[in-house]
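Peer 1: Attaching a single structure in structure tokens format; questions to follow.
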Amino acid sequence: MKKRNNRIVLLTALCVAAGAVSQAQVLGGGHVSGNVQLDGQISKADSVIGSTNVAEKLLSNMRADVLYTNGAISAGLRIEGYLNPMLGFDAKYKGVGVANYFVSYQRERLSITAGNFYEQFGNGMILRAYEDRYLGMDNALRGLSVTGRPVNGVTLKGVIGKQRCYWDYGRGLVRGLDGEVSFNSLIKSLEGSKFHATVGAGFVSKYEEDETVNAEQPGYKLNLPLNVGAGSVRMDLGYGGFSLQAEYARKGQDPSIMNSYIYRPGEALMVNATYSQRGFSANVQAKRVDNMSFKSVRSESGQMLYINYIPAITKQHTYAFLSMFPYATQATGEMGLQGDVMYKFKKGTALGGKYGTDLHINSAIITGLDTTRVGGAGTYGYNSKWLKCGDLYYGDVTVEVAKKLSSAVKLTATYGYQVFNPEVDGHIGNLHHNNVVVCDLTWKVNKKNVLRFEGEWLGSDSKYGEKFMVGGVETENHDRRCGDWLMGLVEYNFLSKWFVSVSDQYAYRDGIGNYYNVSLGYNYGATRLQIGYGKQREGLLCIGGVCRQVPASNGLTFSLTTSF
Amino acid sequence: MKRILLTLVCLALAGIATAQNTVPQNVTIKAMDGTSVQTSVIQNDGKPIIISFWATWCKPCNRELNAIKEVYENWQKETGVKLVAVSIDDARSATRVKPHADGNEWDYEIYLDQNQDFKRAMNVVNVPHTFVVNGKGEIVWQHTSYVDGQEEELYEVVKKVAAGEPIEEAAE
Numbered sequence: 003m004k005k006r007n008n009r010i011v012l013l014t015a016l017c018v019a020a021g022a023v024s025q026a027q028v029l030g031g032g033h034v035s036g037n038v039q040l041d042g043q044i045s046k047a048d049s050v051i052g053s054t055n056v057a058e059k060l061l062s063n064m065r066a067d068v069l070y071t072n073g074a075i076s077a078g079l080r081i082e083g084y085l086n087p088m089l090g091f092d093a094k095y096k097g098v099g100v101a102n103y104f105v106s107y108q109r110e111r112l113s114i115t116a117g118n119f120y121e122q123f124g125n126g127m128i129l130r131a132y133e134d135r136y137l138g139m140d141n142a143l144r145g146l147s148v149t150g151r152p153v154n155g156v157t158l159k160g161v162i163g164k165q166r167c168y169w170d171y172g173r174g175l176v177r178g179l180d181g182e183v184s185f186n187s188l189i190k191s192l193e194g195s196k197f198h199a200t201v202g203a204g205f206v207s208k209y210e211e212d213e214t215v216n217a218e219q220p221g222y223k224l225n226l227p228l229n230v231g232a233g234s235v236r237m238d239l240g241y242g243g244f245s246l247q248a249e250y251a252r253k254g255q256d257p258s259i260m261n262s263y264i265y266r267p268g269e270a271l272m273v274n275a276t277y278s279q280r281g282f283s284a285n286v287q288a289k290r291v292d293n294m295s296f297k298s299v300r301s302e303s304g305q306m307l308y309i310n311y312i313p314a315i316t317k318q319h320t321y322a323f324l325s326m327f328p329y330a331t332q333a334t335g336e337m338g339l340q341g342d343v344m345y346k347f348k349k350g351t352a353l354g355g356k357y358g359t360d361l362h363i364n365s366a367i368i369t370g371l372d373t374t375r376v377g378g379a380g381t382y383g384y385n386s387k388w389l390k391c392g393d394l395y396y397g398d399v400t401v402e403v404a405k406k407l408s409s410a411v412k413l414t415a416t417y418g419y420q421v422f423n424p425e426v427d428g429h430i431g432n433l434h435h436n437n438v439v440v441c442d443l444t445w446k447v448n449k450k451n452v453l454r455f456e457g458e459w460l461g462s463d464s465k466y467g468e469k470f471m472v473g474g475v476e477t478e479n480h481d482r483r484c485g486d487w488l489m490g491l492v493e494y495n496f497l498s499k500w501f502v503s504v505s506d507q508y509a510y511r512d513g514i515g516n517y518y519n520v521s522l523g524y525n526y527g528a529t530r531l532q533i534g535y536g537k538q539r540e541g542l543l544c545i546g547g548v549c550r551q552v553p554a555s556n557g558l559t560f561s562l563t564t565s566f
Numbered sequence: 205m206k207r208i209l210l211t212l213v214c215l216a217l218a219g220i221a222t223a224q225n226t227v228p229q230n231v232t233i234k235a236m237d238g239t240s241v242q243t244s245v246i247q248n249d250g251k252p253i254i255i256s257f258w259a260t261w262c263k264p265c266n267r268e269l270n271a272i273k274e275v276y277e278n279w280q281k282e283t284g285v286k287l288v289a290v291s292i293d294d295a296r297s298a299t300r301v302k303p304h305a306d307g308n309e310w311d312y313e314i315y316l317d318q319n320q321d322f323k324r325a326m327n328v329v330n331v332p333h334t335f336v337v338n339g340k341g342e343i344v345w346q347h348t349s350y351v352d353g354q355e356e357e358l359y360e361v362v363k364k365v366a367a368g369e370p371i372e373e374a375a376e
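The structure is reproduced here in structure tokens:
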């Protein structure tokens, strides 16, 4: 059934594309563009890092997007293949097929898309259909999306569809409406003014058939709501260098596997305040999320079928040891505060030196909610106090100094302190307290040759193999990220197109593992090829606070991307 | 088998495209004051435009935009080029785009592409991905990734475009 559907879809899409092409010849325009990605992996067993033999020997993911555009009309097709899915990607992805197709008409006042589409209302707290190929995450809506801009400054959106779930579509029906008014475009006299204001509101409703779910109380079955609504209001105000953004969202009763089938309504608030001028900026963000996991299928417990998106507000670290214990958003409940300051010491000042110095400080703290249990499935679940924090989930402070030492040498030095609650991502043990130091030095040898050195240290009070009592059972901590670590990396970019890098991460105390990596790459225009050999630690790959568990691997990897 | 064949047909279709790729005009992005605008606002009076896709968390993107900052005034004087920096930051860090750009003293025209519509329309897979667009809105050169010093290569292209000379390393 599925196979036949796919074939019909493919043929239809092809006919549409062919039709469009032939019409384009008549109209004398239009063009085709696209991109292709191919990733592959060979991995062998290694008991120290926890990797296992891959039965297929070679795993590969591939993807090609083809886009046809002719004036206001565009049509696209995406072919995905997972033969078989690479480590960390769900086995349900196995296969090849057309994963996405659409036809779209876009004019200044009106846009219509039929087929698969991506959309976001405000910050996405009630609706965000998006994809991230590295997370193996795609919750595109398949249906219809209409956007109207009746007058300058006013945007109205309507969407209806079902969400992608691997090669299938979830049975839940998602409908949404959103409106936004930007006063600076609407009111002529405000154009170019120092003051700016945008307000918006959205509503999303999900419909799902009834099913049998038992209540906590024996003999009772839940009376499930078939329609679940969520709404939000938002604003963005600014004056000169100051700006303030806020969004408040509320969700109706939505018992699901994510909240253990409780009937408590959900709510979320996000506030951001910023001041910035040339060479200085400061920004504070706060959020409170309570029972806001919103999926189009109530029994889906994995990473798919999310209708909304609750962004993490911690900084997205990129250095290996700073991102070893990444923070994942807890849509079921959390509170957080984040602050960020950037300052540029001017050239010619004592701290600025000849080239100027950049200072960047960031800090975040995330806690759970302070809750009192009322009951299990079929009840209100819990009560929570609005301004009272629960358990500490995550905290960090990072100080980064970037300085050009000469016309050819640049140094970035970073110090980070992190507190991490291992239970948040399914591990055991006490809070980890980590200190991280990173030195990143770039030396431009000449016009076509650049060397980069990176040295990192992580000191932690966590220990691999330490024993803890979990539910009355003595359990060993098998989180391979624990312990004290050292890392070195040398990267050489030559002839402006090639690069080779060698790195090693070594647990020198209380930890386990020695992760070496060699990689060779080639960049030309919009084409990039990379081949690597080495060991990859098991861990979480996080993008935007959404994470994917990646198992350890030991062997060869390659990746090719190109756009045309 | 049939599928593979169809895939090949699709790729062949792509191959026969002869028309020069232009920057799509009707994709919605957000300006720094929170207003939604169409990509047709990306204009530079017939002079070259650099469109750079970046994100606050992307180290090479920041290195590239910071390196260009040092020479941007000269580039503008000599060629009239304008750099348009399109951030793909999502709700997690989108509010930090303006303070990030101000803190780094960037004088670029900056837009937010939170829903990644523009990114998809331009076939951007990874950031940084930089395009050079000529006065007619045609994409004449593109490049992904950044290594220190590569901004000089980019400027060679911009100078040629400003002078109306052909680019050997055409858009692939």
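Residue numbers (the working numbering), protein chains in the order written: chain A, 3 to 566; chain B, 205 to 376. Even glycine gets a Cβ: it sits at the ideal position worked out from N, Cα and C.
(1) By the criterion of Cβ-Cβ separation under 9 Å, what are the contact partners of Q247/B in chain A?
(2) Straight-line CA distance for T200/A to Y315/B?
(3) Does any CB atom of chain B fall closer than 8 Å to the CB of Q27/A?
(4) Is the beta carbon of G163/A closer than 8 Å to that of G181/A?
(5) Using DSSP's beta-bridge definition, name the partner residues of F422/A.
(6) Label N216/A either buried or exposed according to how many other C-beta atoms from any shown protein chain fall within 10 Å of its C-beta, with 16 as the threshold for buried.
(7) Looking at the structure shown, is V411/A part of a helix, part of a strand, or coil, going by DSSP?
(8) Based on Cα-Cα distance, which residue from G138/A, K208/A, A270/A lies nearest to A314/A?
(9) For R236/A, decide whether its Cβ has a neighbour in chain B, counting only Cβ atoms nearer than 8 Å.
(10) If we ignore side chains and look at the alpha-carbon of each, how far apart do T563/A and G97/A end up?
(11) Give the range of the beta strand (DSSP E) segment to which A248/A is assigned.
(12) Could you name the residues of the region 175-190 of chain A whose beta carbon sits closer than 8 Å to any beta carbon of chain B, in the order they occur along the chain?
(13) Measuring CA to CA, which of L353/A, V376/A, G397/A is closest to T369/A?
(14) For the alpha helix (DSSP H) holding T260/B, just list the boundary residues, first then last.
(15) Tell whether a beta-carbon distance below 8 Å holds between P267/A and L224/A.
(16) Going by DSSP, what residue range makes up the beta strand (DSSP E) through F91/A?
(17) So which residues of chain A does W261/B contact, with C-beta pairs closer than 7 Å?
(18) Quick check on L353/A: does DSSP put it in helix, strand or coil?
(19) Let me see if you follow: with CB-CB separation under 8 Å, is G353/B close to chain A or not?
(20) Do S498/A and E357/B have their C-beta atoms closer together than 8 Å?
(21) Say whether chain A places a C-beta atom closer than 8 Å to the C-beta of V285/B.
(22) Please report whether the beta-carbon of I162/A lies at a distance below 8 Å from any beta-carbon of chain B.
(23) Closer than 6 Å by C-beta to L158/A: which residues in its own chain qualify, once you throw out the five before and the five after it? Chain order, please.
(24) Are the C-beta of M205/B and some C-beta of chain A separated by less than 8 Å?
(25) Flag T374/A as yes if its beta-carbon sits less than 8 Å from any beta-carbon of chain B, otherwise no.
(26) Assign T71/A to buried or exposed, taking buried as 16 or more other Cβ atoms, counted over all protein chains shown, within 10 Å of its Cβ.
(27) How long is the line joining the alpha carbons of I44/A and E540/A, rounded to whole angstroms?
(28) Step through the CB atoms of chain A and report whether any lies within less than 8 Å of the CB of E268/B.
(29) Name the chain B residues whose beta carbon is nearer than 7 Å to that of S35/A?
(30) Between T226/B and E372/B, which are expected to be in contact by the criterion C-beta below 8 Å, what is the C-beta distance as a whole number of angstroms?
(31) Could you confirm whether any beta carbon from chain A is found closer than 8 Å to the beta carbon of Q320/B?
(32) Tell whether a beta-carbon distance below 8 Å holds between L488/A and Y510/A.
(33) Starting from N186/A, follow the alpha helix (DSSP H) in both directions and report where the run begins and ends.
(34) Give a yes or no on whether the minimum CB-CB distance between P303/B and chain A is below 8 Å.
(35) Please list the residues of the region 189-207 of chain A that have a C-beta atom closer than 7 Å to any C-beta atom in chain B, keeping them in chain order.
(36) List in chain order: all unbroken beta strand (DSSP E) runs of 3+ residues lying wholly within the region 278-343 of chain A.
Peer 2: Taking the structure as given:
(1) The contacting residues do not exist; Q247/B stays about 15 Å from chain A at best.
(2) If I take the Cα positions, the gap works out to 16 Å.
(3) Note that Q27/A has pLDDT 42, beneath the 50 cutoff, so the model's placement of it is unreliable and no number is given.
(4) No, the Cβ-Cβ distance between G181/A and G163/A is not below 8 Å.
(5) According to DSSP, F422/A bridges with Y396/A, H434/A.
(6) Burial call: exposed.
(7) Here V411/A sits in strand by DSSP.
(8) Comparing Cα-Cα distances from A314/A to each of G138/A, K208/A, A270/A, the minimum goes to A270/A.
(9) Contacts with chain B at 8 Å (Cβ-Cβ) do not include R236/A.
(10) Just so you know, the alpha carbons of T563/A and G97/A end up roughly 20 Å apart.
(11) Counting along the chain, the beta strand (DSSP E) containing A248/A begins and ends at 244-253.
(12) Those would be E182, S184, N186, S187, in chain order.
(13) Nearest of L353/A, V376/A, G397/A to T369/A, Cα basis: G397/A.
(14) Following the DSSP letters along the chain, one finds T260/B in no alpha helix (DSSP H), marked with neither H nor E.
(15) In this structure, L224/A does not lie closer than 8 Å to P267/A by Cβ.
(16) Per DSSP, F91/A lies in no beta strand (DSSP E) and is assigned neither H nor E.
(17) Simply Q318, T320.
(18) Three-state result, L353/A: coil.
(19) Closer than 8 Å: yes.
(20) Going by C-beta atoms, S498/A is nearer than 8 Å to E357/B.
(21) Contact with chain A is absent for V285/B, since none of that chain's Cβ atoms lies less than 8 Å from the residue's Cβ.
(22) Chain B, which has no Cβ nearer than 8 Å to the Cβ of I162/A, makes this no.
(23) Closer than 6 Å at Cβ, skipping near neighbours: G150, G181.
(24) Annotation note: pLDDT 49 at M205/B (below 50); position unreliable, no value reported.
(25) Chain B, which has no Cβ nearer than 8 Å to the Cβ of T374/A, makes this no.
(26) Counting the other CB atoms within 10 Å of its CB gives T71/A a total of 16 or more, which places it among the buried residues.
(27) Within the model, the alpha-carbon separation for I44/A versus E540/A is close to 16 Å.
(28) The beta-carbon of E268/B is placed no less than 8 Å from the nearest beta-carbon of chain A.
(29) Those are N225, N327, listed as they occur along chain B.
(30) Between E372/B and T226/B the Cβ distance is about 20 Å, and since that is not below 8 Å, they are no contact.
(31) Interface criterion met: the Cβ of Q320/B is under 8 Å from a Cβ in chain A.
(32) The beta carbons of L488/A and Y510/A sit closer together than 8 Å.
(33) It spans 185-188 - the alpha helix (DSSP H) in which N186/A sits, taken as one unbroken run.
(34) With 8 Å as the cut-off, P303/B counts as an interface residue toward chain A.
(35) Hits within the stretch, in order: H198, T200.
(36) When DSSP assignments are scanned along the region 278-343 of chain A, the uninterrupted stretches of beta strand (DSSP E) that are 3 or more residues long and fall wholly within it turn out to be 282-292.
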